[in-house]
Amino acid sequence: MFLISGTESECCGCGACVEVCPTNCISFAENNETFLFPKIDLSKCVSCKKCENVCPFNKPRENKITPKSIFFGVHKNKETVFKSSSGGAFSSVGKILLKDGYTVCGVKWNGLKVVNSFADNEKDFEKFRKSKYILSDTNRCFSKIKNMLSQGEKVLFVSTPCQVEALKNFLTKPSENLFTIDLVCHGGPGQKLFDIYIEETEKTHKNKIKEYSFRNKEPLKGRINTRSAKITFENGKEIITDAKKDPFLRAYYSRLFFRKSCLKCPFANLNRPGDITLGDGWGAEKTDNRLNPETGVSLIIINSDKGEKLLERIYKEGNMELFPISESEATAGNSALLHPTPRHRNREKFFENLKKGFYPSVKKYSKSPFFKRLYTKATRIIRKK
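Take 24 as the starting number for the sequence shown in the numbering used here and just add one per residue.
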């Protein structure tokens, strides 16, 4: 783990070590790439090793999990699909558990910051929809969840697999009242990088940004672009942009500025920590030509007995159309279920150049090698045919 080795790829920034420390001797500090890492005040440390035990990168997972079943799924309500990044599976699962008295801990926008928060009603739950391609501030949610479970409350926790594993380590023992969803994750940048991007974008447009929404499903040039975003300014102006135009999206989809731990993620496989795993149903059209990942298809992986019981509830509710698939069909469109995201060859150069500006740094270093760009373009042409 980072606190012992100092190796930055061994810390995902989940903050579990900060929360678990009984003497409050651990705090976060920003490194030269703008990511947050824990540091210890040795004068307060009592060598209890709780920080070591809670770290999701410090020990291999005890049990090898094999998926019990895998599906592509689409919510039958078109508005739900439109308001979701994928096919609406999260909305279906979340609302079922809300009815059962669960409080949901998910990730929402707090202004232009991405934070973990709680919801016990559908209105607040709606804020957890849609992808936020920024590493979230866990907001000391692990302690809150532990306290809620100790009082007999039921909690649904949905986040990246590293945060799910951190929560399970934090709790030290399983709880029947906890249901977990891990998300298929390729990695991401920290909040500070997004803040820098927002500041430069506001200067470019000479206006403050009010809202930012990834995975916008409003048509762009006549079609839905899954690599688009909607930016709303305080003066009411709205822009729908994509990875070709927007430097943050371009950097994200080229994997230019990911945290080092994301590039060596121990959860980038089918041995998942959540009761179920949710992701995008890329390649679903090859399984059934009625499915269209552009408009929205969910990937649903059932990992536990709890997950199987929930699957029965989904069937009973009847609001999802489910298509059973194989492991190979699931992984074909989701490389993050096979291996971590490869390091971009210009990653370090980007961060070294960042002080000269986010926009120019992305423009200079986000380009893929010539032959890779040529292969990608040829592949797109073949797909169109």
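We put the beta carbon where it would ideally sit given N, CA and C, even for glycine.
None of the values given here were measured: they were computed from a predicted structure.
At 3 residues or longer, and completely inside the segment 41 to 104: list those beta strand (DSSP E) runs for me, N to C.
-> Fully enclosed beta strand (DSSP E) runs of no fewer than 3 residues occupy 49 to 53, 59 to 63, 92 to 98 of the segment 41 to 104, in order along the chain.
Taking the CB atoms as reference points, tell me whether Asn294 and Ile88 lie closer together than 9 angstroms.
-> Residue mapping note: residue 294 aligns to position 271 of the sequence shown, counting from 1. Residue mapping note: residue 88 aligns to position 65 of the sequence shown, counting from 1. Against a cut-off of 9 angstroms, the Cβ pair of Ile88 and Asn294 comes out as a contact.
On the premise that Gly297 lies in contact with Ile204, defined as a C-beta separation below 8 angstroms, what is that separation, rounded to the nearest angstrom?
-> As a position in the sequence shown, residue 204 is number 181, starting the count at 1. As a position in the sequence shown, residue 297 is number 274, starting the count at 1. Rounded, the Cβ-Cβ distance is 5 angstroms, consistent with contact.
Glu261 lies in the beta strand (DSSP E); which residues open and close that run?
-> Here residue 261 is taken as the residue at index 238 of the sequence shown, counted from 1. Glu261 -> beta strand (DSSP E) spans 261 to 265.
Who does Gly129 pair with in a DSSP beta bridge?
-> Taking the sequence shown and counting its residues from 1, the one referred to as residue 129 is at position 106. The partner list for Gly129 (beta bridge, DSSP) reads Ser140.
Hey, out of Glu335, Ser70, Ser327, Met343, whose CA is closest to Val320's CA?
-> As a working note, residue 320 is residue 297 in the sequence shown. Minimum Cα-Cα distance from Val320 among the listed residues Glu335, Ser70, Ser327, Met343 corresponds to Met343.
Give the straight-line distance between the Cα atoms of Glu435 and Ser236, rounded to the nearest whole angstrom.
-> This structure cannot settle anything about residue 435, because the visible part of the chain is limited to 24 through 408.
Endpoints, the beta strand (DSSP E) within which Arg347 is located = As a first step, residue 347 must be located in the sequence shown, where it is residue number 324. In the sequence as presented, Arg is not what sits at residue 347; that position holds Pro. From DSSP, the beta strand (DSSP E) with Pro347 extends over 343 to 347.
Over what stretch of residues does the beta strand (DSSP E) that includes Asp205 continue unbroken?
-> The residue you call residue 205 lines up with position 182 of the sequence shown. That run of the beta strand (DSSP E) goes 201 to 206.
At which residues does the alpha helix (DSSP H) containing Ile168 begin and terminate?
-> Looking up residue 168 in the sequence shown gives position 145. Annotation for Ile168: the continuous alpha helix (DSSP H) segment containing it runs 164 to 173.
Return the CA-CA distance between Lys240 and Gly306, expressed in angstroms with no decimal places.
-> As a working note, residue 240 is residue 217 in the sequence shown. As a working note, residue 306 is residue 283 in the sequence shown. Their Cα atoms are separated by approximately 18 angstroms.
Just the Cα atoms here: how many angstroms apart are Asn376 and Tyr276?
-> To locate residue 376, count along the sequence shown from 1; it is residue 353. To locate residue 276, count along the sequence shown from 1; it is residue 253. The straight-line gap from Cα to Cα measures roughly 19 angstroms.
Do Pro212 and Ser389 have their C-beta atoms within less than 9 angstroms of each other?
-> Numbered from its first residue, the sequence shown carries residue 212 at position 189. Numbered from its first residue, the sequence shown carries residue 389 at position 366. No, the Cβ-Cβ distance between Pro212 and Ser389 is not below 9 angstroms.
Straight-line CA distance for Ser159 to Val138?
-> One-based indexing of the sequence shown puts residue 159 at position 136. One-based indexing of the sequence shown puts residue 138 at position 115. Approximately 5 angstroms, taken between the alpha carbons.
May I have the straight-line CA-CA distance separating Leu286 from Glu371, to the nearest angstrom?
-> Position 263 of the sequence shown, counted from the first residue, corresponds to residue 286. Position 348 of the sequence shown, counted from the first residue, corresponds to residue 371. The straight-line gap from Cα to Cα measures roughly 13 angstroms.
Chain-order list of residues whose beta-carbon lies under 6 angstroms from that of Ile325 (same chain, five-residue window excluded) | Taking the first residue of the sequence shown as 1, we reach residue 325 at position 302. Closer than 6 angstroms at Cβ, skipping near neighbours: Lys91, Ser92, Ile299, Glu331, Leu334.
Classify Gly330 as helix, strand or coil using the three-state DSSP reduction.
-> Walking along the sequence shown from the start, residue 330 turns up at place 307. Three-state DSSP puts Gly330 in a helix.
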